[in-house]
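Peer 1:
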Amino acid sequence: MTGDLILYTNPMSRGRIVRWMLEEAGASYETRVLDYGTTMKAPDYLKINPMGKVPAIVHKGVVVTETAAICAYLADVYAEAGLAPAIGDPLRGAYFRWLFYAAGPYEASFGDRAMGIEVPADKRAMVGYGCFADVMNTVEAAVSQGPYILGETFSAADVYLGSQIGFGLQFGMTEARPAFTAYWQRLAARPAYVRATALDDALMPKTA
5 MTGDLILYTN
15 PMSRGRIVRW
25 MLEEAGASYE
35 TRVLDYGTTM
45 KAPDYLKINP
55 MGKVPAIVHK
65 GVVVTETAAI
75 CAYLADVYAE
85 AGLAPAIGDP
95 LRGAYFRWLF
105 YAAGPYEASF
115 GDRAMGIEVP
125 ADKRAMVGYG
135 CFADVMNTVE
145 AAVSQGPYIL
155 GETFSAADVY
165 LGSQIGFGLQ
175 FGMTEARPAF
185 TAYWQRLAAR
195 PAYVRATALD
205 DALMPKTA
């Protein structure tokens with residue numbers, strides 16, 4: 005039943021990533037849209053996510069927050085959708101590697117860049133991502149190995165990392181390197197992404 009899985013989101017948030025993941029999984033789910041500063045900080049929602057942020061899901065009473073964790077969780081729950089290599093599959097290691105690289109070094113590097121923080125060369129060993137150029141070169145090499153991050157196999161790692169790359173390209177935070185643009189064009193053409201985008205776009209505030 006739809007009520008078994010609830011997505012808490014806002015169309016101007018990383019909730020878009022989770023909706024795409026849900027559409028790839030073929031899941032039935034209920035959407036609850038929260039507003040920044042009001043319902044996201046309300047006592048009822050803070051019981052779900054004390055950070056007062058979206059996205060979050062509640063699946064049969066199980067609360068999962070943090071976008072990468074939600075993607076990994078859904079990939080396992082909806083294993084029939086083939087969004088995560090099975091245990092024993094040699095690709096499983098690379099799947100976790102890139103999913104968590106995107107949630108760790110990649111996101112941290114972009115957060116610092118957005119705030120105008122440049123890590124001094126003599127301090128790079130103290131920062132998980134080293135420097136922004138290293139991150140960009142690492143990801144470029146990874147997405148150049150095949151149509152997807154695991155080569156021929158599409159996975160939840162593409163949903164998460166691909167969303168980050170697409171966001172960066174849209175807002176000029178990522179260099180429009182050919183490997184990035186080609187990778188994102190492949191992902192953005194997926195029917196599940198198109199469906200998810202249409203659903204979230206319909207929830208965007210109406211402008212006069």
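Everything in the sequence shown is counted per this note's numbering, starting at 5 for the first residue and increasing by one. Yeah, the Cβ is synthetic: ideal placement off N, Cα and C, and Gly gets one too.
When you compare the region 44-57 with the region 115-127, are there three or more beta-carbon pairs, one atom per stretch, that lie closer than 8 angstroms?
Peer 2: In short, these stretches do not touch, since the Cβ pair count stays below three.
Peer 1: Can you confirm whether P151, when its beta carbon is compared against all beta carbons of chain B, has any partner nearer than 8 angstroms?
Peer 2: Among the protein chains of the structure shown there is no chain B, as only one such chain exists.
Peer 1: How many angstroms separate the CA atom of A106 from the CA atom of M208?
Peer 2: In the sequence shown, the residue the question calls residue 106 occupies position 102. In the sequence shown, the residue the question calls residue 208 occupies position 204. Roughly 26 angstroms separates the two Cα atoms.
Peer 1: Give every residue of the same chain whose Cβ lies closer than 7 angstroms to the Cβ of R18, excluding the five residues on either side of it in the sequence, and list them in chain order.
Peer 2: In the sequence shown, the residue the question calls residue 18 occupies position 14. Taken in chain order, the residues that qualify are P59, T71.
Peer 1: How far does the alpha helix (DSSP H) with R36 in it reach, from first residue to last?
Peer 2: Locating residue 36 in the sequence shown gives position 32, where the first residue counts as 1. Looking at the DSSP string, R36 is not in any alpha helix (DSSP H); the run it does join, the beta strand (DSSP E), is 34-37.
Peer 1: Can you find the residues in the same chain that come closer than 6 angstroms, C-beta to C-beta, to G97, ignoring five residues on each side of it along the sequence?
Peer 2: Position 93 of the sequence shown, counting from 1, holds the residue named residue 97. Within the same chain, G97 has no close Cβ partners at all.
Peer 1: Taking all protein chains shown into account, decide if D162 is buried (16 or more other Cβ within 10 angstroms of its Cβ) or exposed.
Peer 2: On the sequence shown, position 158 is the one that residue 162 refers to. Buried is the call here.
Peer 1: For E272, which option in R23, M16, T43 has the closest C-alpha, if you only look at C-alpha atoms?
Peer 2: Since the displayed the chain opens at 5 and closes at 212, residue 272 lies outside it and no answer follows.
Peer 1: Rounded to whole angstroms, what's the CA-CA distance from E28 to F114? Just pull it up for me.
Peer 2: On the sequence shown, position 24 is the one that residue 28 refers to. On the sequence shown, position 110 is the one that residue 114 refers to. About 26 angstroms.
Peer 1: Three or more beta-carbon pairs under 8 angstroms between the region 162-176 and the region 188-195, yes or no?
Peer 2: With the cut-off at 8 angstroms, the region 162-176 and the region 188-195 touch.
Peer 1: Taking DSSP as the reference, what is the three-state secondary structure of K210?
Peer 2: Against the sequence shown, residue 210 aligns to sequence position 206. Three-state result, K210: coil.
Peer 1: Identify every residue that forms a DSSP beta bridge with G155.
Peer 2: Here residue 155 corresponds to residue number 151 of the sequence shown, with the count starting at 1. Bridge partners of G155: Y152.
Peer 1: Can you pull the DSSP bridge partners for T69?
Peer 2: Position 65 of the sequence shown holds residue 69. Paired residues: A60.
Peer 1: Can you grab the Cα-Cα spacing for the pair M5 / G65, in whole Å?
Peer 2: Here residue 5 is taken as the residue at index 1 of the sequence shown, counted from 1. Here residue 65 is taken as the residue at index 61 of the sequence shown, counted from 1. Summary for M5: the model assigns pLDDT 44, below 50, so the residue's position carries little reliability; its value from the coordinates is reported in the next sentence. Computed Cα separation, rounded: 13 angstroms.
Peer 1: Whose CA, out of Y187, D48, N14, lies closest to the CA of A145?
Peer 2: Your numbering for residue 145 matches position 141 in the sequence shown. The candidate whose alpha carbon is nearest that of A145 is Y187.
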